[in-house]
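Residue numbers (our numbering): 1044 to 1510.
Note that beta-carbon positions come from the ideal geometry of N, C-alpha and C, so glycine has one too.
Please read all numbers here as calculations on a predicted model, not as lab measurements.
Worksheet: one structure, shown below.
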Amino acid sequence: MPDAVPSRTFLDDPFSAATLVPNLRHTSRMLSDIGADSVDALFADIPKEVQIEGLRLATSMSEQAVLDRVHELAGKNRGPADGMPVFLGAGLKEHYVPSVVPALVGRSEFYTSYTPYQPEVSQGMLQGLFEYQSMVCALTGMDVANISQYDWATAIGEAALLAARAGKGTRFLVPEHLTPDKRSVLENYTSGAGITIESVPFDRATGTLDIGALETALGPDVVGLYVETPNLFGLWEPEAPRLKQLLTDRDAGLLVVGADPLSLAVADGPGAYGADIVVGELAGYGTPIAYGGPLLGLFAVKEPLVRRMPGRVVGLSRDDRGNHAFTLTLQTREQHIRRERAMSNICTNETLLALAAAVYLGHLGGIGLTRLAEQNEARAHDLRRRLEELPSVRAAFPGGHFDEFTLAFERPYKDIHDGLLERGVHGGYDLSGRFDGLGPAAVFATTEVHGDRDHDRLVAAVSEVVS
């Protein structure tokens, strides 16, 4: 029998997990190998005035210590899961996510954000995305939808670029009452395209678009008009159905409408009154809201614009055996083929979230979605009525609204909001000082996640704070 051969064990192996992270003992050798004098030399192209000096970082920690620290920090959070109802609105609202959504979306066949380039092995994902497109078109009244943009704001930016490609002017009109984040992203998207973003004021008495000012602003050099309904104040824009005709009469460009998808279950889809492009935000419908992301931008167009539309599109075809086959279509618009001449640079998008939205919408169905929208709208009106009955609280505008509404106060809203937080309630989105003529005010939102007890807590807390 041969002698046993001594073998090395992991105890003898100098290679360990410690060598997988930067090792200060090797810094000099690495710098020498690349011909650099110091680590700072690697960042010489960054101006000194914008470099950060002396990050206050803790010393290295073990994995367990890091987890303990993260849990400690997370324990300071307060939100719905901790018994604090949140009534923030202005674009993102929390909705209940049925358990079927994560159960399906979390399957290994789907659990990726990446575009399925190989249709022959991705039929399940492609069919889910095709269903998503179909549902978006049904809600919006449009002909074609892509499989997502990054969020609502970037969808507006892409809409402005599309309008510029389709038209001959340089002006893109937006409502004055547009959230700063959307305006900022829009300006960033259009800054290199020669497009000027101009604001159309809102009527201070009604909180809706000033149609007289819009008529004055319109002309042949306008490539597009963007309008939201419900708008920032939660109000329906009553003149939305006649905007396309106004644009046509003045030889202006495209009508772009932004909408909360749930509101379209109780209102006409913008396609019914002539919208050329519809954008919106589907985050929350099948996905949780967490620190502002990830989000899911909705983008749909009328058929004549499909070849100018950004983003991926799933089509239904037949294979060589005559069977139905889902595939990415119209790809010659996209950057992986047309490079710098592409309609958009969006590549990996929000595919997984789009699938989640499809599961959510399919689970509720048309009747369920309509009932949910009607319930939320009715409860929002009831909550607004109860809050208006309190002293020093009034509706900022008199018009109809969906599931958000704006309240005006006699005291600075920050003080009121701080008082609500002390009472375990997160109030509305502060609009104070955003617009001339609008004093202390905030937009509140309520959805199906807020029960009667949550409404009672908000009313009681506001009553105590304003008294």
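Excluding five sequence positions before and after Glu1219, the CB atoms of its chain that fall closer than 6 Å to its own CB belong to Ser1242, Pro1244, Phe1245, given in chain order.
In terms of Cα proximity to Arg1285, the closest of Lys1119, Val1299, Phe1276, Leu1275 is Val1299. For Ser1242, the enclosing beta strand (DSSP E) stretches over residues 1239-1243. Within the DSSP bridge table, the entry for Tyr1472 names Val1486 as partners. Short of 6 Å from the beta carbon of Gly1314, and not among the five residues preceding or following it, lie these beta carbons of its own chain, in chain order: Thr1183, Gly1184, Met1185. Take Ala1308, set aside five residues on each side of it, and the residues of its chain with a beta-carbon closer than 6 Å to its own are Leu1412, Thr1413, Ala1416, in chain order. In this structure, Val1486 sits near Ala1133, with a CB-CB distance shorter than 7 Å. Listed in chain order, the non-local C-beta contacts of Ala1188 below 6 Å within the same chain comprise Gln1176, Val1179, Cys1180, Ala1343, local neighbours out to five positions each way being set aside. Its chain contains Val1402 as the residues whose beta carbon lies nearer than 6 Å to that of Leu1147, once the 5 sequence neighbours on both sides are disregarded; these appear in chain order. DSSP places Ile1459 in the uninterrupted alpha helix (DSSP H) bounded by 1456-1465. Gly1354 sits close to Ile1389, with the two beta carbons spaced by under 7 Å. A distance below 7 Å separates the beta carbons of Ile1190 and Ala1397.
Val1436 and Thr1102 have their C-alpha atoms roughly 51 Å apart.
In this chain, His1493 is not harboured by any beta strand (DSSP E), its DSSP state being neither H nor E. Around Gly1200, the same chain offers Val1228, Leu1229, Asn1231, Tyr1232, Thr1233 as residues with beta carbons nearer than 8 Å, after the five sequence neighbours per side are excluded.
With respect to Val1270, Gly1212 sits apart: the two C-beta atoms are not nearer than 7 Å. The C-beta distance from Leu1172 to Val1357 rounds to 5 Å, short enough to fall under 8 Å. Spatial neighbours of Met1127 in its own chain (CB-CB distance under 7 Å, excluding positions within 5 residues in sequence) are listed in chain order as Arg1121, Gly1467, Val1468, His1469. When Leu1463, Glu1431, Pro1455 are compared, the shortest CA-CA separation from Phe1448 is found for Glu1431.
A residue is called buried when at least 16 other Cβ atoms come within 10 angstroms of its Cβ; Thr1155 does not meet this threshold and is exposed. Secondary structure at Gln1170: helix, using DSSP grouped into helix, strand and coil.
Of the residues Trp1279, Leu1252, Gly1296, the one whose Cα lies closest to the Cα of Asp1264 is Gly1296. Within 10 angstroms of the beta-carbon of Gln1192 lie 16 or more other beta-carbons, which makes it buried. The DSSP assignment places complete alpha helix (DSSP H) segments of no fewer than 4 residues inside the segment 1136-1162 at 1143-1148, in order along the chain. Your pair Arg1350 and Ala1209 does not check out as a contact, with CB atoms roughly 10 Å apart and the cut at 8 Å. Setting aside the 5 residues that flank it on each side, Leu1169 is surrounded in the same chain by Pro1159, Pro1162, Val1357, Phe1369, Thr1370, Leu1371, each with a C-beta closer than 8 Å to its C-beta; the list follows chain order. Relative to Pro1347, the option among His1138, Leu1205, Glu1152, Pro1223 whose CA is nearest is Leu1205. By the Cβ rule, the segment 1475-1491 counts as touching the segment 1450-1458, because three or more pairs are nearer than 8 Å. By the CB criterion at 7 Å, Leu1426 and Val1505 fall outside the cutoff.
Ser1306 carries a helical assignment under DSSP once its states are collapsed to helix, strand and coil. Between the C-alpha atoms of Gly1277 and Phe1445 there is a straight-line separation of about 6 Å. Counting along the chain, the unbroken beta strand (DSSP E) around Arg1361 starts and ends at 1357-1361. The DSSP-derived three-state label of Pro1223 is helix.
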